[in-house]
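Residue numbers for the sequence shown follow UniProt numbering, so the first one is 1 and each next one is one higher.
Input: a single structure, listed below in structure tokens.
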Amino acid sequence: MAEGGVAEPGTSAAAGGAPSPVTLADSLMREAGWGPAQFGREGPNPPYLRIGGRLRLSLSAYEPCFAAFHRDRGPFRSKVGMAAHLAHYDALMVDPIAFEECFGAGEGNDTVFPFGAWLTVRRVGFGGIELWGKRQGAVTLPLEPLTVASAIWLRRAETPPTKR
């Protein structure tokens, strides 16, 4: 994690079966098959991605999506639906560097957003991601900080132990 950011979540799986948290960039590489070439590297906290939109299969609904930083399919960019991708995880956490990089110095403080807290995704839209925290209540995350894919952490729900 970059200097001045929140402490990096644990890197090993807990004994109870809880998978380790991953960054948004790592999750796109694992779940969507993206490679390093699909992310931007110029800036203080790479990797970066773009936020875009795409038509759903019905062709009548437009949804926010994660888009490759560079055009990687001829004149097009690879896109992953934001709601579908985030549905694989039970919570997300935002590092203050995401806000500071997008909105300027001083924006990464707890009066702006509850940094370092695991928040549950309730709804994804172009107005932002509606989140819920036990202590924070309803919170809206603007889409811009998601472009700093190294500063967004995702966590899966604990997996119940398998019965033998």
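Backbone N, C-alpha and C fix where the C-beta goes; we use that ideal spot for every residue, glycine too.
Check, Outcome
"Contact under 8 Å by Cβ, residue 101 with residue 44", "yes"
"Bridge partners - residue 130, DSSP secondary structure assignment", "123 and 140"
"For residue 54 and residue 61, the rounded distance between their alpha carbons", "8 Å"
"Own chain, CB closer than 6 Å to residue 68, minus 5 neighbours either side, in chain order", "38, 77 and 78"
"Beta-carbon gap between residue 98 and residue 124 smaller than 8 Å", "no"
"Straight-line Cα distance separating residue 96 from residue 70", "25 Å"
"Residue from 135, 120, 118 and 141 whose Cα sits closest to the Cα of residue 128", "141"
"Three-way DSSP call (helix, strand, coil) for residue 49 in this model", "coil"
"Counted within 10 angstroms of its Cβ, other Cβ atoms place residue 66 as buried (16 or more) or exposed", "buried"
"Integer Cβ distance of residue 64 from residue 143, believed to fall under 8 Å", "6 Å"
"C-beta contact flag for residue 146 and residue 24 at 8 Å", "yes"
"Spatial neighbours of residue 148 in its chain, beta-carbon cut-off 6 Å, leaving aside the 5 residues before and after", "45, 98 and 101"
"Distance CB(residue 80)-CB(residue 113) smaller than 8 Å", "no"
"Residue 122, buried or exposed, once every other Cβ within 10 Å from all chains shown has been counted against 16", "exposed"
"Rounded separation between residue 135 and residue 115 - CA only", "12 Å"
"One or two residues paired with residue 67 in a DSSP bridge", "50 and 79"
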